[in-house]
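Be aware that the sequence shown starts at 113, since it is given in this note's numbering, and climbs by one per residue.
Glycine included, each C-beta is placed from N, C-alpha and C at the ideal position.
These numbers were taken from a predicted model, which means no experiment stands behind them.
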Amino acid sequence: MATTTIFGNFTVADGTVINAPSNGRASYALYKSSTYMADLQSSVPTLIRSYLHPGATPLINNTSIFLYRKICTPVGQPYMIEAINMFQYPRNPGDAMYGEVPAFVPRVCILGHVAGNVETTYDGRRIFKIQSAAWVRDQLQATSFM
Numbered sequence: 113m114a115t116t117t118i119f120g121n122f123t124v125a126d127g128t129v130i131n132a133p134s135n136g137r138a139s140y141a142l143y144k145s146s147t148y149m150a151d152l153q154s155s156v157p158t159l160i161r162s163y164l165h166p167g168a169t170p171l172i173n174n175t176s177i178f179l180y181r182k183i184c185t186p187v188g189q190p191y192m193i194e195a196i197n198m199f200q201y202p203r204n205p206g207d208a209m210y211g212e213v214p215a216f217v218p219r220v221c222i223l224g225h226v227a228g229n230v231e232t233t234y235d236g237r238r239i240f241k242i243q244s245a246a247w248v249r250d251q252l253q254a255t256s257f258m
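Shown next as structure tokens:
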């Protein structure tokens with residue numbers, strides 16, 4: 113058994129409407145964002161897909177959200193998140209008083225298999241690779257984490 117989930121704060125931009133490739137009837141919003149790392153300085157480009165109710169429009173640029181759902185981390189590509197719950201922070205993002213998202217790094221929960229051996233880094237930390245999978249973009253996708 114394997115699954116990979118993520119929850120945390122994100123700021124979305126460039127929302128576009130797309131149709132599901134499997135049936136073409138369900139609409140989704142696709143957003144650009146970033147997933148920040150533990151140092152809150154470095155980040156990885158991220159694409160977030162969320163179900164879009166009929167007649168709804170994507171969120172406007174710089175909207176702060178909290179989300180929960182599946183994540184896939186393809187090598188050399190943006191992270192892909194399939195959001196099941198996405199909650200917009202209150203107020204209008206265009207308002208000068210909108211404020212910033214609380215600073216906390218998104219949390220990733222991984223259920224998978226340890227691949228290879230445990231390695232010790234130069235500073236004494238022990239690292240290992242976990243192989244997992246997540247249902248993202250209408251298909252099961254393999255992913256790995258260190």
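In this structure, DSSP gives Val217 a state outside helix and strand, which the three-state scheme calls coil.
The straight-line gap separating the alpha-carbon atoms of Asn121 and Gly236 is approximately 31 angstroms. Here Pro202 carries a coil assignment [DSSP, helix/strand/coil]. The alpha-carbon of Asn229 is positioned some 28 angstroms away from that of Val248.
One alpha carbon belongs to Pro202, the other to Pro170, and they sit about 16 angstroms apart. Taken through DSSP and simplified to helix, strand or coil, Tyr180 comes out as strand. Contact between Ser145 and Thr158 holds: CB atoms are separated by about 5 angstroms, below the 8 angstroms threshold. Look at Pro166 here: in three-state DSSP terms it is coil, with no helix or strand label. In the structure shown, Ala132 falls within a coil segment according to DSSP collapsed to helix, strand and coil.
Taking the Cβ atoms as the reference, Tyr180 lies roughly 5 angstroms from Asn197, within the contact range of under 8 angstroms. With a contact defined as Cβ atoms closer than 8 angstroms, Thr117 and Ile183 qualify at about 7 angstroms. Leaving aside the five residues that flank Val220 on each side, the residues in its chain whose CB is nearer than 8 angstroms to its CB run, in chain order, Thr116, Thr117, Ile118, Ile183 and Phe257. Taking 8 angstroms as the upper bound for CB-CB distance, Tyr148 and Ser162 are not in contact here, some 19 angstroms apart.
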